[in-house]
Amino acid sequence: MKYSEAELLAVLLSREVRDGEISACGALSQIPAAGLLLAQALHAPNAELIILNSVFNPFRTSRQFHFLAQRGELGLFFVSGVQIDRHGNYNLHQLGPDPERPKARYPGGYGGGMIYYCARRTVVFRTEHTRRALVERVDFVSAAGSTPPDMLRLGHPSKAVTPKATFRFDKDAGVLKLDTIHPPWTLDDIRANTGFDLEANGPIPPTPAPSDEELHVLRHVIRRKMIDTGTYAEWAQRSLGNEAARSA
Amino acid sequence: MGVPYVPIVGLAGTDLLKRRDDMVIAVDPFDGKTKSVVAKALRPDVAVFHAQKADRHGNVSCGYEAEVVILAEASKHVIVTAETIVERLTEKEAAGAFIPGIHVDAVAHAPFGAHPAGCAGLYGPDKVHMAQYVAASQDDVSFAEYLRTYVLGVKDHDEYVERFVPPNWRQPARAIGG
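If you're matching them up, the sequences are chains H and U in order.
One point on numbering: in the numbering used here, the residue at position 109 of the first sequence is 109, and numbering is uninterrupted.
One point on numbering: in the numbering used here, the residue at position 94 of the second sequence is 94, and numbering is uninterrupted.
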């Protein structure tokens with residue numbers, strides 16, 4: 001079955017959700033929101049979901065979410081950055097070599113720089129797999145992949161997911177390593193579009209494609225649910241089950 | 001809370017931490033080993049914010065979000081503008097995020113005081129104005145022009161509302177405001 005990049009990413013993120021855990025995404029996170037709801041509809045019926053700025057947010061205030069994270073109750077968090085680097089750092093603040101004169105500014109924020117250390121696993125995703133997005137060193141560290149062992153830290157990045165590949169974060173080495181490649185992309189494609197060493201020793205397995213069931217539930221059940229609950233409704237209407245957006 | 005600083009799990013190794021002198025890395029005083037970031041308490045001299053409803057006694061009810069409650073508690077002085085001011089908030093009106101008048105120095109009636117941002121439950125953001133604001137904030141010249149038009153160029157809040165709040169928004173909220 002053909003699928004769009006957004007559908008592929010939503011399916012890949014959904015597979016990271018574990019049943020019984022609390023999983024969350026921040027504001028402006030339509031793809032993770034779809035992934036969380038898909039996981040709950042398929043393999044994680046007892047997952048507790050937190051989708052900020054939606055009806056799937058149990059909290060009245062951000063303070064409540066903050067302290068839930070600080071207590072280490074989050075199993076999984078999805079976050080994106082304008083840049084992601086080899087060391088698992090991401091940048092959601094600003095671009096450009098001179099920090100005093102950024103070429104572009106992004107939402108930045110404190111939340112991700114806190115939750116990255118608190119959620120047991122954080123999956124970083126990016127809707128673009130290019131050398132400008134996946135870099136050797138981010139221009140600004142909004143959250144650090146690694147910290148010294150004597151620093152209080154409850155969790156770590158676990159994966160990075162893009163439209164072309166997935167990376168696994170090697171905690172001991174403190175680097176992202178190429179894990180799977182989404183067909184039809186090849187190792188050469190990934191190498192050409194990644195700004196850091198892939199640590200690819202030996203063959204890299206293909207990413208299991210979205211199943212018919214995953215796509216069917218995403219396009220029908222989850223799309224409907226997002227529209228009905230006003231959860232990125234316009235995005236869901238446009239991006240899920242849209243023939244024109246399918247490429248692979 | 002009134003404490004001098006609080007520890008935070010997170011932020012270590014970020015560039016944010018490098019740029020803030022109110023957050024440092026400290027050793028856990030109990031185990032003498034584990035490090036974490038500690039943030040100095042914020043103690044603003046004055047907090048100014050907008051609320052849905054206030055009363056003559058300084059009690060404030062701010063709809064859905066409660067973050068302003070901490071802001072009011074932390075600040076030495078608190079000034080509140082409100083969509084509506086009543087004689088005394090009822091129990092029902094005081095439900096949710098509520099700031100007791102003991103924290104509040106002054107309240108002022110300012111319908112559409114959140115404009116061009118929204119006021120939860122009453123009106124959303126003015127998207128057209130917000131787009132202008134974003135465009136204007138690209139550089140100092142255009143931002144100065146924005147300030148001249150919308151901030152310095154009006155005599156008072158009533159004139160601002162009259163000139164810049166979309167006319168079709170005004171009728172119902174004016175009625176609520178009395």
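Quick reminder that beta carbons are idealized off the backbone N, C-alpha and C, glycines included.
These numbers were taken from a predicted model, which means no experiment stands behind them.
Starting from residue i, trace the beta strand (DSSP E) both ways and give me its first and last residue.
i	result
residue 143 (chain U)	That residue, residue 143 (chain U), is in no beta strand (DSSP E); its alpha helix (DSSP H) goes 140–150.
residue 23 (chain U)	23–27
residue 199 (chain H)	Per DSSP, residue 199 (chain H) belongs to no beta strand (DSSP E) and is neither H nor E.
residue 121 (chain H)	121–125
residue 168 (chain H)	165–170
residue 92 (chain H)	Here residue 92 (chain H) belongs to no beta strand (DSSP E), and DSSP marks it neither H nor E.
residue 160 (chain H)	156–161
residue 7 (chain U)	5–8
When the Cα atoms are used, what is the spatial distance from residue i to residue j?
i	j	result
residue 178 (chain U)	residue 142 (chain U)	Caution is warranted here: a pLDDT of 35 is assigned to residue 178 (chain U), below 50, making its placement in the model unreliable, and no coordinate value can be reported.
residue 239 (chain H)	residue 169 (chain H)	29 Å
residue 183 (chain U)	residue 118 (chain U)	One cannot answer for residue 183 (chain U) here, as it falls past the ends of chain U, which runs 1 to 178.
residue 18 (chain U)	residue 37 (chain U)	12 Å
residue 24 (chain H)	residue 114 (chain H)	14 Å
residue 136 (chain H)	residue 204 (chain H)	21 Å
residue 149 (chain H)	residue 31 (chain U)	15 Å
residue 98 (chain H)	residue 87 (chain H)	21 Å
residue 142 (chain H)	residue 92 (chain H)	6 Å
residue 160 (chain H)	residue 16 (chain U)	22 Å
residue 112 (chain U)	residue 5 (chain H)	42 Å
residue 224 (chain H)	residue 71 (chain H)	34 Å
residue 171 (chain H)	residue 147 (chain H)	10 Å
residue 123 (chain U)	residue 43 (chain U)	31 Å
residue 34 (chain H)	residue 61 (chain H)	23 Å
residue 135 (chain U)	residue 146 (chain U)	10 Å
residue 153 (chain H)	residue 10 (chain U)	7 Å
residue 198 (chain H)	residue 174 (chain H)	13 Å
residue 50 (chain H)	residue 57 (chain H)	5 Å
residue 120 (chain U)	residue 192 (chain H)	48 Å
residue 57 (chain U)	residue 110 (chain U)	17 Å
residue 162 (chain U)	residue 236 (chain H)	38 Å
residue 32 (chain H)	residue 53 (chain U)	36 Å
residue 8 (chain U)	residue 17 (chain H)	26 Å
residue 127 (chain H)	residue 200 (chain H)	22 Å
residue 98 (chain U)	residue 64 (chain H)	16 Å
Kindly list, in the order they appear in chain H, the residues whose Cβ is closer than 8 Å to that of residue i.
i	result
residue 15 (chain U)	93, 99, 140, 141 and 142
residue 8 (chain U)	70 and 114
residue 73 (chain U)	Result: empty, since nearest Cβ-Cβ is about 12 Å, beyond 8 Å.
residue 36 (chain U)	151 and 152
Please report the residue range of the alpha helix (DSSP H) in which residue i lies.
i	result
residue 239 (chain H)	233–239
residue 118 (chain H)	111–118
residue 23 (chain H)	Looking at the DSSP string, residue 23 (chain H) is not in any alpha helix (DSSP H); the run it does join, the beta strand (DSSP E), is 22–25.
residue 76 (chain U)	First-last for residue 76 (chain U): undefined, no H or E at that position.
residue 42 (chain U)	Counting along the chain, residue 42 (chain U) falls outside any alpha helix (DSSP H), and DSSP gives it neither H nor E.
residue 129 (chain U)	127–136
Output, in chain order, the set of chain H residues within a Cβ distance shorter than 7 Å of residue i.
i	result
residue 179 (chain U)	Only positions 1 to 178 of chain U appear in this structure, which leaves residue 179 (chain U) out of reach.
With distances taken from CA atoms, which of the options is nearest residue i?
i	options	result
residue 202 (chain H)	H:187, H:66, H:97 and H:149	H:187
residue 85 (chain U)	U:3, U:62 and U:129	U:62
residue 257 (chain H)	H:208, H:27, H:175 and H:192	Since the displayed chain H opens at 1 and closes at 248, residue 257 (chain H) lies outside it and no answer follows.
residue 67 (chain H)	H:118, H:90 and H:194	H:118
residue 94 (chain H)	H:35, H:157, H:52 and H:133	H:133
residue 182 (chain U)	U:74, U:58, U:47 and U:13	Given a span of 1 to 178 for chain U in the structure shown, any question on residue 182 (chain U) remains unanswerable.
residue 190 (chain H)	H:216, H:162 and H:140	H:162
residue 166 (chain U)	U:148, U:125, U:137 and U:135	U:125
residue 73 (chain H)	H:128, H:14, H:112 and H:155	H:155
residue 103 (chain U)	U:158, U:59 and U:149	U:59
Considering only residues of the same chain and omitting the five flanking positions on each side of residue i, which have a CB-CB separation below 6 Å?
i	result
residue 229 (chain H)	55
residue 154 (chain U)	160
residue 128 (chain U)	none
residue 46 (chain U)	77
Short of 8 Å in beta carbon distance, which residues of its chain neighbour residue i, apart from the five on each side in sequence? Order them along the chain.
i	result
residue 19 (chain H)	43, 44, 45, 46 and 47
residue 185 (chain H)	164 and 165
residue 137 (chain U)	143 and 146
What residues of chain H sit near residue i, judged by a beta carbon separation below 9 Å?
i	result
residue 33 (chain U)	150
residue 83 (chain U)	Neighbours of residue 83 (chain U) on chain H: none; closest Cβ ~20 Å, over 9 Å.
Excluding five sequence neighbours on each side, which residues of the same chain lie with their C-beta closer than 7 Å to the C-beta of residue i?
i	result
residue 49 (chain U)	68, 71 and 80
residue 175 (chain U)	In this prediction, residue 175 (chain U) has a pLDDT of 44, which is less than 50 and means its spatial position is unreliable; nothing more can be read from the coordinates.
residue 158 (chain H)	121, 122, 123 and 169
residue 210 (chain H)	3, 7, 8 and 11
residue 111 (chain H)	26
residue 107 (chain H)	92
Any beta-carbon of chain A closer than 8 Å to the one on residue i?
i	result
residue 87 (chain U)	Annotation note: the requested chain A is absent from the structure, which comprises protein chains H and U.
Just the chain U side, please: which residues come within less than 7 Å of residue i by C-beta, in chain order?
i	result
residue 62 (chain H)	67
residue 232 (chain H)	Within 7 Å Cβ-Cβ: nothing; residue 232 (chain H) doesn't reach chain U, min ~17 Å.
residue 229 (chain H)	The contacting residues do not exist; residue 229 (chain H) stays about 17 Å from chain U at best.
What does residue i reach in chain U if we use C-beta pairs closer than 8 Å?
i	result
residue 154 (chain H)	9
residue 117 (chain H)	9, 10, 11 and 12
residue 130 (chain H)	Correct list: empty, because the minimum Cβ distance to chain U is about 22 Å.
Could you name the residues of chain U that residue i contacts, counting a contact when the two beta carbons are closer than 9 Å?
i	result
residue 122 (chain H)	The contacting residues do not exist; residue 122 (chain H) stays about 11 Å from chain U at best.
Closer than 7 Å to a non-hydrogen atom of the ligand GDP - does that hold for the CB of residue i?
i	result
residue 152 (chain U)	The ligand GDP is not among the ligands present in this structure, which contains no ligands whatsoever.
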